[in-house]
């Protein structure tokens, strides 16, 4: 299934990768790899993760305190946030 990001999601992802690479060289790249793995799994099995609201689901990122918040649409998966799950985890609600 096709996966599409809201524009702000790419910014969130880039900032998180940059932050982790600043903290430890290569850690941002490891984070990005885990996000890409999660996106692949979501594309293969979109309904496998828990609902976090009536229209959204949460796929947690392995090894990192982040999750991909997404909606299953007719012909695509819409990613509405890549959210840090320990800091204001519901900030993305206004995006849907």
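Residue numbers (the UniProt record's numbering): 1 to 96.
Here a beta-carbon is modelled for each residue, glycine too, at the ideal position from N, C-alpha and C.
It should be emphasised that the depicted structure is a prediction, and the values quoted were computed from it without experimental measurement.
Could you tell me the boundaries of the beta strand (DSSP E) in which residue 78 lies? 76-84
Secondary structure at residue 61, three-state DSSP: helix, strand or coil? coil
Please report the distance separating the alpha-carbon of residue 81 from that of residue 9. 5 Å
Output needed for residue 65: all residues of its chain with C-beta closer than 7 Å, excluding positions within five of it in sequence on either side, in chain order. Hits under 7 Å: 84, 85 and 86.
Helix, strand or coil at residue 96 according to DSSP, with G and I counted as helix: coil
So for residue 26, helix, strand or coil by DSSP? coil
On the DSSP letters alone, give me the boundaries of the beta strand (DSSP E) that residue 66 sits inside. 66-72
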